[in-house]
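Novice: My structure is below; once you've seen it, I'll send some questions.
Chains as they are written, first to last, in my numbering: chain A, 7 to 180; chain B, 58 to 399.
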């Protein structure tokens, strides 16, 4: 890789790793696995940088992460779970006040109860704030499928979240 | 709900996310290593120790080609055969032992020689019984390959030797160029083999190196996990090392040496790498084949293993062994020599 391209890659890794790691975590609920998936994706991106930089790098690397973590094709051989406990899950949020901490945990936990493709669609649409078309591109499905997945995902979340949590999230009842 | 969904998650994750061990240096290091099958930098061993070690590994592999900075030119080949027409040696330079070095460079474009190699590799891998050839696509990390045109090309790359300013550290900090460079043949994307009944595909890494540009045998950079810059593979001793700041990764090697039917010398390695909490494991079968003309090839079949959860939420390590044994990898190397590397 040319030096200028490597500098671009380095800048991308430095600037985007944390966001990608959180994205991966939201998709799988496991920080250790998320870290491994992001590392795998970035190493593969390094080998494909000259090609990927000519298109759109973010969707490219997210697509790899989604495939690694979520797709049925990969899941059969990527059913990892945490056994260490020390590095497994996120530390609980520091309580500013009890009610808000409970709400945050409930929201994250509820998200992890969604089927994996619904979860990915919800995360891409409403946490990454991506349009339906780009979400479909990353997930390798139609825009209609994305709309269906997000609709069902949100409906499931509403059923999982407590009324008090929903009341705290603006627009929950709309 | 959707409007505040993202901000609500962000608020939690701002305080909940554990620190990451991923660094740009670490990723680039691993990327280079996958791209060229090794990134190495020297340690700070003394001149005497290095010469002793070089002599030892030379003996271990039975006196392979290119046995030192000037060895390749003085001793053209392990079998005493003359250099093939057009083959030029690329003897390693004498560099200060108190500094560290690493390779920077990578794959370039195919030429007539590498296209011929690609043809042979495609023919060989597509004929492997019970396996499907895969490669990475633009938007899909695994795409079946059914035609030679979609098979990753072997290309001619050039890499230079640079001083590493991060002496003793795990990352590489590019320093001044030594002025030494060598051509090599490798791939920009590695082919994968999905074997019937296996959980996931193996990744096959292939790289050819020219006469004189390496020392034979394995050697690990001090305190690390990569090959010493003078060698084509890391060592045959069990290692515990730090990877991207994570202490305690272990790598176990089982190594053997043998002769090939055409005068080749073969270093065969079975490698297992575990992370500290043993939540993942990587198994590698690797051969380094030293051809009689002084060139060499490193072929690695890498099979990751994963944790699986049973109904009782207990996790067990699901071992996936590389689909190609070292004998099969060596046979491929015998069958597909690089010809002239220039």
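Heads up, the beta-carbon is just placed ideally off N, CA and C, and yes, glycines get one too.
Note that the structure is predicted; figures quoted are calculated from it, not measured.
1) Could you compute how far the alpha carbon of residue 150/B sits from the alpha carbon of residue 204/B?
2) With residue 15/A and residue 52/A assumed to form a contact (beta carbons below 8 Å), what rounded beta-carbon distance in angstroms separates them?
3) Mind checking who residue 272/B pairs with in its DSSP beta bridge?
4) Would you kindly work out how many angstroms separate the C-alpha atoms of residue 165/A and residue 151/A, rounded to a whole number?
5) Pop quiz: residue 213/B and residue 242/B are said to be a contact at Cβ under 8 Å. What is the actual Cβ separation, rounded to whole angstroms?
6) Any beta carbon of chain B sitting closer than 8 Å to that of residue 165/A?
7) Taking 8 Å as the CB-CB cut-off, is residue 181/B touching chain A?
8) So that I know if they touch, is there some Cβ in chain B lying closer than 8 Å to that of residue 20/A?
9) Please report the Cβ distance between residue 396/B and residue 170/B, rounded to the nearest whole angstrom; I am assuming they are in contact, meaning their Cβ atoms lie under 8 Å.
10) For chain A, find out if any of its Cβ atoms is closer than 8 Å to the Cβ of residue 97/B; answer yes or no.
11) Go to residue 15/A, then tell me how far its alpha helix (DSSP H) extends in each direction, as first and last residue.
12) Show which residues of chain B have a CB atom less than 7 Å away from the CB atom of residue 7/A.
13) Please report whether the beta-carbon of residue 35/A lies at a distance below 8 Å from any beta-carbon of chain B.
14) Is there a C-beta anywhere in chain B that falls below 8 Å from the one on residue 48/A?
15) Please determine, among 125/A, 26/A and 138/A, the residue with the shortest C-alpha to C-alpha distance to residue 159/A.
16) Taking only beta-carbon atoms, is residue 360/B less than 8 Å away from chain A?
17) Using CA atoms only, rank isn't needed, just tell me which of 161/A, 162/A, 140/A and 154/A is closest to residue 62/A.
18) Can you tell me where the alpha helix (DSSP H) with residue 169/B in it begins and where it stops?
19) Do the segment 316–323 of chain B and the segment 384–394 of chain B meet, that is, are 3 or more Cβ pairs less than 8 Å apart?
20) What three-state label does DSSP hand residue 144/B in the structure shown?
21) Once the 5 residues before and after residue 313/B are set aside, which same chain residues still bring their CB inside 6 Å of it?
22) Classify residue 216/B: buried if its beta carbon has 16 or more other beta carbons within 10 angstroms, exposed otherwise.
23) If we call anything under 8 Å between Cβ atoms a contact, is residue 263/B one with residue 202/B?
24) Any idea if residue 295/B is buried or exposed, counting beta-carbon neighbours within 10 angstroms, 16 or more meaning buried?
Specialist: By the coordinates alone:
1) 42 Å
2) Correct: roughly 6 Å between the Cβ atoms.
3) 288/B
4) Rounded to the nearest angstrom, the two C-alpha atoms are 21 Å apart.
5) Confirmed, about 6 Å.
6) Not an interface residue.
7) It does not; no Cβ of chain A falls within 8 Å.
8) yes
9) 6 Å
10) Because residue 97/B carries a pLDDT of 35, less than 50, the predicted location of this residue cannot be relied on, and the following value inherits that uncertainty. Closer than 8 Å: no.
11) In the DSSP annotation of this structure, the continuous segment of the alpha helix (DSSP H) that includes residue 15/A starts and ends at 9–34.
12) 163
13) Not one chain B Cβ lies under 8 Å of residue 35/A.
14) yes
15) 125/A
16) no
17) 140/A
18) Boundaries of the alpha helix (DSSP H) harbouring residue 169/B: 169–183, taken from the DSSP string.
19) In the pairwise beta carbon analysis, the segment 316–323 of chain B is classified as touching the segment 384–394 of chain B: at least three pairs are separated by under 8 Å.
20) coil
21) 325
22) buried
23) no
24) exposed
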